[in-house]
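Asker: In this note's numbering, the protein residues as written are 207 to 373. Note that beta-carbon positions come from the ideal geometry of N, C-alpha and C, so glycine has one too.
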């Protein structure tokens, strides 16, 4: 059914949407986690970035802030312990967590199984850190956790470039 509203002209035949089929996107290994960029800022005029993540038990980032993006998480399966400012809580399958820009946060997989989730950045852009700073997947090789040596001058420069600060 369609409804016509007087005074509103909609070009319904224009198109311009974006379809990213399942399994598509740039995948990177980042500090023991697997991140697939499902939508990047460059594809959406900067409006949004969406990352599909697999986080093994014990995995997750260090506490950090985003200068330019808000970050929303949707848990597809598993559980994560979140830090939001000074507060911690557990989120489980189906939960949504929203973190405003400049709020200190992190998540950690405290469960026994890999957690799958989506990160949604608004506006997009922060996902570029994973593309530029992550490792290309290597078939037949297990994802390794990163030691402190990985957070070198180059990585800290990428954090700065993408408005991320470890705190």
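Going by DSSP, name the residue or residues bridged to residue 256.
Answerer: Looking at the DSSP assignment, residue 256 forms a beta bridge with 245, 326.
Asker: For residue 261, which of helix, strand or coil comes out of DSSP?
Answerer: Looking at residue 261 - three-state DSSP - the assignment turns out to be strand.
Asker: Is the separation between the beta-carbon of residue 247 and that of residue 330 shorter than 8 Å?
Answerer: Result yes, Cβ atoms of residue 247 and residue 330 sit closer than 8 Å.
Asker: Going by beta carbon distance, what residues of the same chain come within less than 7 Å of residue 298, once the five residues before and after it are set aside?
Answerer: Excluding residues within five positions, the ones whose Cβ falls inside 7 Å are 281, 285.
Asker: Alpha carbon to alpha carbon, what distance is there between residue 237 and residue 244?
Answerer: The straight-line gap from Cα to Cα measures roughly 19 Å.
Asker: Could you please give the first and the last residue of the uninterrupted alpha helix (DSSP H) stretch that includes residue 359?
Answerer: Residue 359 -> alpha helix (DSSP H) spans 359-367.
Asker: Below 8 Å on the Cβ atoms is my guess for residue 265 versus residue 239; work out the distance and round it to an integer in Å.
Answerer: Indeed, because the Cβ distance is near 5 Å, the residues count as touching under 8 Å.
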